[in-house]
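Q: Here it is, the structure in full.
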Amino acid sequence: MSRLQKVIRSRQAEGKKAFVAYITAGDPSLKETMNLAQALAESGVDIIELGVPFSDPLADGPTNQRAAERALLSGTSLQKILDEVVEFRKKNDHTPIVIFSYLNPIYRMGFENFAQRAQAVGADGVLIVDFPPEEADAYRRTMQAAGLDTVFLASPTSDEKRLQHVDHNSSGFVYYVSRTGVTGMQSELSQSLGQEMTLVKRFVKKPVMVGFGISNPEQAVAAAKLGDGIIIGSAIVKVIEEGADANARLQGVRQFASGIRAALDRAFTS
1 MSRLQKVIRS
11 RQAEGKKAFV
21 AYITAGDPSL
31 KETMNLAQAL
41 AESGVDIIEL
51 GVPFSDPLAD
61 GPTNQRAAER
71 ALLSGTSLQK
81 ILDEVVEFRK
91 KNDHTPIVIF
101 SYLNPIYRMG
111 FENFAQRAQA
121 VGADGVLIVD
131 FPPEEADAYR
141 RTMQAAGLDT
151 VFLASPTSDE
161 KRLQHVDHNS
171 SGFVYYVSRT
181 GVTGMQSELS
191 QSLGQEMTLV
201 KRFVKKPVMV
211 GFGISNPEQA
221 VAAAKLGDGI
231 IIGSAIVKVI
241 EEGADANARL
251 QGVRQFASGI
261 RAALDRAFTS
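What the sequence shown shows, in the numbering used here, is residues 1 to 270, in sequence order.
Okay, structure coming up:
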């Protein structure tokens, strides 16, 4: 069983919910990203998604787009991100890392080359946001042969057939996009989320993490009731964006993540 699967099953066995956090690698620098990732893990985050900055995003809202622009200006590349995962692993051998990317950077590196390199540095999984699951059999086999879990997206527009493809090609977890549109904080969760998750659970047997628009403890608890855990990205990226300096950014993400973790653990006790 992979490190990613062990963490999720451990939470499930405890009767608790997983907390997945997204940050953009290289925002504002790769060195600081690794410090922020360690701070998130120490504050109760179970799985960290490292976003690969991309110049032509489709799913990123304004907050994540600005983070990607800062990361690209700092010289961040997929190769450099993988190099920094090695540094993360020197201090942390238990928190799973998922490389979160658009297809282009990984395709340019080559699936086989990427898979071998990512596994060697200590990454655990990969999520390509613009890769249709219907076309992903060869990609999935390459990643999983290298020991990397695969994660695919499902959304309110996913029909039964697509949900089955998503489930078949995912080995770590399924990322449920809780609303259509782009990433970003929302004042409230989608009113139809409960109905949508009923359909998802009929066709998806892998663990399901609910993300997009979650920005506070109340929303995290409400979303977690419907899945196996929650994913928060833009709200954390915004904390980083608004930090006056490195220390303020570290303290900010620690405070935010600790608050989410505490709320989840209060709501879901074994």
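Heads up, the beta-carbon is just placed ideally off N, CA and C, and yes, glycines get one too.
Excluding the five sequence neighbours on either side, which residues of its own chain have a C-beta within less than 6 Å of the C-beta of V341, listed in chain order?
A: Any question about residue 341 goes unanswered here, given that the chain covers just 1 to 270.
Q: Quick check: the Cα distance between E134 and H165, rounded to an integer number of angstroms?
A: Here residue 134 corresponds to residue number 134 of the sequence shown, with the count starting at 1. Here residue 165 corresponds to residue number 165 of the sequence shown, with the count starting at 1. Rounded to the nearest whole angstrom, the CA to CA distance from E134 to H165 is 6 Å.
Q: For the beta strand (DSSP E) containing I232, name the first residue and the last one.
A: The residue labelled residue 232 in the question sits at position 232 within the sequence shown. Counting along the chain, the beta strand (DSSP E) containing I232 begins and ends at 229-232.
Q: Using a Cβ-Cβ cutoff of less than 8 Å, which residues in the same chain neighbour R11 once the five nearest sequence positions on both sides are dropped?
A: Residue numbering aside, residue 11 sits at position 11 when the sequence shown is read from its first letter. Cβ within range, chain order: K17, A18, D46, D228, G229.
Q: Which of helix, strand or coil does DSSP assign to F152?
A: As a working mapping, residue 152 is identified with position 152 in the sequence shown. In the structure shown, F152 sits in a strand (DSSP, three-state: E or B).
Q: Relative to the C-alpha of E52, which residue among Q38, V129, Q5 is closest?
A: Mapped onto the sequence shown, residue 52 falls at position 52. This sequence places Val at residue 52; Glu is not what is there. Closest by alpha carbon: V129.
Q: Are V98 and G125 touching if we call contact CB-CB under 7 Å?
A: Sequence index remark: in the sequence shown, residue 98 carries index 98 (1-based). Sequence index remark: in the sequence shown, residue 125 carries index 125 (1-based). Yes. Within cutoff.
Q: Who are E49's beta bridge partners in DSSP?
A: Walking along the sequence shown from the start, residue 49 turns up at place 49. According to DSSP, E49 bridges with Y22, V98.
Q: Less than 7 Å between the C-beta atoms of L58 and A25, yes or no?
A: As a first step, residue 58 must be located in the sequence shown, where it is residue number 58. As a first step, residue 25 must be located in the sequence shown, where it is residue number 25. Not a contact, by the Cβ cut-off of 7 Å.
Q: Tell me, please, whether the region 89-97 touches the region 32-46 by the rule of three or more beta-carbon pairs shorter than 8 Å.
A: The region 89-97 is in contact with the region 32-46.
Q: Taking the alpha helix (DSSP H) that G194 falls in, what are its first and last residues?
A: Residue numbering aside, residue 194 sits at position 194 when the sequence shown is read from its first letter. From DSSP, the alpha helix (DSSP H) with G194 extends over 193-203.
Q: Please name the residue or residues paired with G125 in a DSSP beta bridge.
A: Translated into positions along the sequence shown, residue 125 becomes position 125. For G125, which the question treats as bridged, DSSP gives the partners V98, D149.
Q: Can you give me the C-alpha to C-alpha distance between A248 and R162, rounded to a whole angstrom?
A: As a first step, residue 248 must be located in the sequence shown, where it is residue number 248. As a first step, residue 162 must be located in the sequence shown, where it is residue number 162. C-alpha of A248 to C-alpha of R162: approximately 43 Å in a straight line.
Q: What is the DSSP secondary structure of G211, reduced to helix, strand or coil?
A: Position 211 of the sequence shown, counted from the start, is the residue given in the question as residue 211. Reduced to three states, the DSSP call for G211 is strand.
Q: Less than 7 Å between the C-beta atoms of L78 and R117, yes or no?
A: Translated into positions along the sequence shown, residue 78 becomes position 78. Translated into positions along the sequence shown, residue 117 becomes position 117. The answer is no: Cβ separation not under 7 Å.
Q: Taking the C-alpha atoms as reference points, what is the distance between E32 and F54?
A: In the sequence shown, residue 32 corresponds to position 32, counting from 1. In the sequence shown, residue 54 corresponds to position 54, counting from 1. C-alpha separation (whole angstroms): 19 Å.
Q: I think T142 touches A115, with their Cβ atoms under 8 Å apart; what is that distance to the nearest whole Å?
A: Start at 1 with the first residue of the sequence shown, and residue 142 comes out as number 142. Start at 1 with the first residue of the sequence shown, and residue 115 comes out as number 115. About 5 Å separates the two Cβ atoms, so the contact holds.
Q: Looking only at its chain, what residues have a beta carbon closer than 6 Å to the beta carbon of M34, apart from the 5 residues adjacent to it on each side?
A: For the purposes of this step, residue 34 is taken as the residue at position 34 of the sequence shown. Contacts found: E84, E87, F88.
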